[in-house]
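Numbering (full-length UniProt numbering), first residue to last: 1 to 1031.
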């Protein structure tokens, strides 16, 4: 910006001439203006002989969660956006410099420096300054202060001076924020304005690191990357030609990234670089790949095609998924970039390579795969690197990784990877250290570094003839004669026996194989990603097609299946036999209906937790004559031994514990689709996902038939719905009437849970329900038994298996006091916890209070409760900002249905959050202030993700209802009794389910006399309660 004077006034303008502010100065015509070195104060002299002084105010700063506003020269107002709190900070002296970032607000007044933590503005660190600052920069660990007296000083956030970098010829009093950059371990600084070189200093001791980086053109801006180690540190330079150049600090190598750039900014937590190039926002997700594999640089670059910020725009800030752009007209524009690269870096930092690959498969972005490929190969994770190169179709690199994976020697593999990183000296050193002289010599021959190959062979006293033979062949192919004197001399001294060279080469390779330090790296079909196979066809050194696909298997019976390990079937069979003894309702159904085979020839598809108890349900349906295909309705709820037993013995199963979302929906499609391409006659659903994909498929096929419209996965931000639309889009290519035929064939669905029932009623009300539905959830023998007693059993089981925490003495918060909430509250109370309940329904709240529970909103217990459980079936119950206020190691879990009760997306994206996996389905999320919360099953059903779910007996009640519902829908399919609406099973069937379970418990009913039955107006054999009765 600049200042312009006129008669009795001074205007503050941006570089395009737009006036930001105008101040009146009673000094006549302004004859001269001058800024202070720090750019915060302005002096002007008037024609009337007076001098006027001004100071910049209304400066706005933003961090991830905090906004700061310099209201006047002595007051700053701070707004915590997440905590919804405000603080007014007042200072004795005028504020000279202010900076906000990395969890700290730094305020430099004329005589003192105040350092605040953004989590606590009450107790700042304060220290004195010799002179007012003219430069203030921050990084993660420290900050840089610069004044005329002390020069540059690196200071920690507790006010301790670490070092004072100095160099001859530097004019530190003229340095600006564009000329200096600070990272956790390195300081980059120019000598002064107009310079063409950059000095690099060690921030630990302030010593200059080698010679300055010479650029050759006047430099306008320098910026150091903020993430990674000192060996990975990168320096971005923007020069007067508006070229953006990247410098590898350790290797002093450089690479030009772009032209027509005014400024570049690094991400605050990842080595990602953003800049406005030709008016468009460009993000380099992994710019360091320019020094490893330049061929991947363009693949890791993303351009916001919809952005047009105009000439002169600059990126001013880059954090999370947010990019702040300062346009030339003075406007500050916020742009959004996908958060997936930052998530990928976080997973890689935690060495969670399998989850990183799953993230890339889920997102399906080639640039993300390219980033993973570079990082995986750099870290020696060849299996992941191969998958990534296959995904982006990089055949040459894929073949290189495959060849590396077949090397038995760890040192040989490390040398090949060093060569990939363009470090031949490191590769040679590794091979020589391991005694692999032949491979070291061949390394230089492959790179046509003939002089070094000969020098190394002569120095080691072996394989000189090998170098001469390959050199001679090379010259023959080129039609050239030897011109290098060392080779002429060596050829005169050493006789070359071609057969001897080949024989010795074979012996060296054989010796390396036999003496290798380990087996070849397992890649592709042996990769650690369960149920993923890579279909490779390498012909004439090219890959015609590379695709990641899930493949069905086929058992001896001819049934299709996909499970984790079919060899677990025997174990599963033993547990199924135990469960059958605890499920009298289902066994009674087999006895009553099995002989008549009511489901003979009927196809039944199921989407319900694939557990031991579900296995008994499946085999009951099979015993009644049905042909069954099944998948799980939750990515973590499958018990693999149960799935294996059913897949081997009874039905087609597509389920395993720990599915990705893509795998989950693939399994759902397989369960719904028979080998002949047709669908099921009946559906058992839990949560409504199977019902959903059928309805969405029918809707998409109707649009496609009408005008050729196909679903657009990018039309939604919901990650699961993106996958659903992608599946439907693919089926339209091969079978554009598949889902319509499936819906027409379907005779009805029986729905297990509250969430699915809610979806069904919504479709009924909208008139879009395509087939009849029976609401099993609201049967009394389901909701009052499964929901209450099942949860009372499985909630503490899941918590204790996951955390081993003692419940007694803790404060447990239960969100919701419906049937599930009642069971959970009862369980926590029985375990010795003090229970607090939240409710929106005054009746349920009154019930909870009458049971002795305190009823309070979530916000009142965030800082005191130890265990938080959601049971509502609603969304956004516990948000990331709530978890940020919980006590350290508070346990957060969900036993409702979907994972949207807990704000997992907000938690993953929380600024500065770190995820620490304790064990499967148990994660500790650590907030920037150091406290953490323990989240169970990634916000999904903790009783199934962390334990084995409800016990067999109570599930027998629910599943007997399912069998009866399926029989009702099938037997009445032609009677017209069930329309395309939602129904509840009649009361007499509910009572029948209960009666089937009483003998197991030793219960004997009292029987009404006819006169008693007449007196209360009920049949002697029931039903005994009217439909509206609330149990």
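Note that CB positions come from ideal geometry on N, CA and C, so glycine has one too.
Spatial distance of residue i from residue j (CA atoms)
i: residue 139; j: residue 222; result: 15 Å
i: residue 693; j: residue 679; result: 13 Å
i: residue 880; j: residue 342; result: 18 Å
i: residue 401; j: residue 424; result: 17 Å
i: residue 1018; j: residue 989; result: 15 Å
i: residue 568; j: residue 634; result: 20 Å
i: residue 534; j: residue 392; result: Low local confidence applies: a pLDDT of 29 at residue 534 is under 50, so the model's placement there is unreliable, and no value is given.
i: residue 918; j: residue 282; result: 37 Å
i: residue 6; j: residue 29; result: 6 Å
i: residue 662; j: residue 42; result: 60 Å
i: residue 995; j: residue 1016; result: 21 Å
i: residue 1026; j: residue 987; result: 8 Å
i: residue 922; j: residue 263; result: 43 Å
i: residue 626; j: residue 951; result: 25 Å
i: residue 1049; j: residue 80; result: This structure gives no information on residue 1049, because the portion of the chain shown stretches from 1 to 1031.
i: residue 191; j: residue 156; result: 24 Å
i: residue 310; j: residue 277; result: 10 Å
i: residue 370; j: residue 217; result: 32 Å
i: residue 229; j: residue 559; result: 53 Å
Enclosing alpha helix (DSSP H) for residue i [first to last residue]
i: residue 623; result: 612-623
i: residue 1012; result: 1010-1016
i: residue 458; result: 450-460
i: residue 444; result: 437-446
i: residue 433; result: 424-433
i: residue 383; result: 382-392
i: residue 477; result: 464-478
i: residue 987; result: 987-997
Classification of residue i by the beta-carbon crowding that lies within 10 angstroms, buried from 16 upward
i: residue 518; result: Note that residue 518 has pLDDT 42, beneath the 50 cutoff, so the model's placement of it is unreliable and no number is given.
i: residue 733; result: exposed
i: residue 682; result: buried
i: residue 595; result: exposed
i: residue 353; result: buried
i: residue 482; result: exposed
i: residue 904; result: buried
i: residue 300; result: buried
i: residue 291; result: buried
i: residue 215; result: buried
i: residue 168; result: exposed
Bridge partner(s) assigned by DSSP for residue i
i: residue 245; result: 237, 256
i: residue 22; result: 11
i: residue 565; result: Answer by DSSP bridge pairing: none, since residue 565 is not bridged.
i: residue 125; result: 115
i: residue 982; result: 773
i: residue 1032; result: Any property of residue 1032 remains undetermined from this structure, which presents the chain solely from 1 to 1031.
i: residue 261; result: 277
i: residue 603; result: 627
i: residue 554; result: 560
i: residue 151; result: 147
i: residue 325; result: 315, 333
Start and end residues, beta strand (DSSP E) containing residue i
i: residue 364; result: Careful: residue 364 lies outside any beta strand (DSSP E) and carries neither H nor E.
i: residue 134; result: 133-138
i: residue 144; result: 142-147
i: residue 319; result: 314-319
i: residue 301; result: 301-303
| task | Taking only runs that begin and end inside the region 783-870, name each unbroken alpha helix (DSSP H) of 4 or more residues, in chain order. | result | Entirely contained in the region 783-870, the alpha helix (DSSP H) runs reaching 4 residues are, in chain order, 791-803, 819-830, 842-850.
| field | Within the region 39-115, ranges of the beta strand (DSSP E) (whole runs, at least 3 residues) | value | Scanning the region 39-115 from its first residue to its last, the whole beta strand (DSSP E) runs of 3-plus residues come out as 41-46, 51-55, 59-62, 66-72, 75-80, 85-90, 95-101, 104-109.
| Any beta strand (DSSP E) of 3 or more consecutive residues that is wholly inside the region 330-356 | If we require 3 residues or more, the beta strand (DSSP E) runs fully inside the region 330-356 come out as 332-336.
| Which residue spans inside the region 154-237 form an unbroken beta strand (DSSP E) run of at least 3? | DSSP runs (the beta strand (DSSP E)) wholly in the region 154-237: 161-163, 180-182, 186-189, 197-202, 219-224.
| Can you give, in chain order, each stretch of the alpha helix (DSSP H) that sits fully within the region 876-951 and has at least 4 residues? | Counting whole runs of 4 or more residues, the region 876-951 contains the alpha helix (DSSP H) stretches 880-883, 904-908, 942-945.
| query | What are the complete alpha helix (DSSP H) segments, minimum 4 residues, inside the region 629-689? | reply | If we require 4 residues or more, the alpha helix (DSSP H) runs fully inside the region 629-689 come out as 640-649, 661-672.
| field | Entirely enclosed alpha helix (DSSP H) segments - the region 692-754, minimum 4 residues | value | Runs of the alpha helix (DSSP H) lying entirely within the region 692-754, each at least 4 residues long, are 719-734, 738-745 in chain order.
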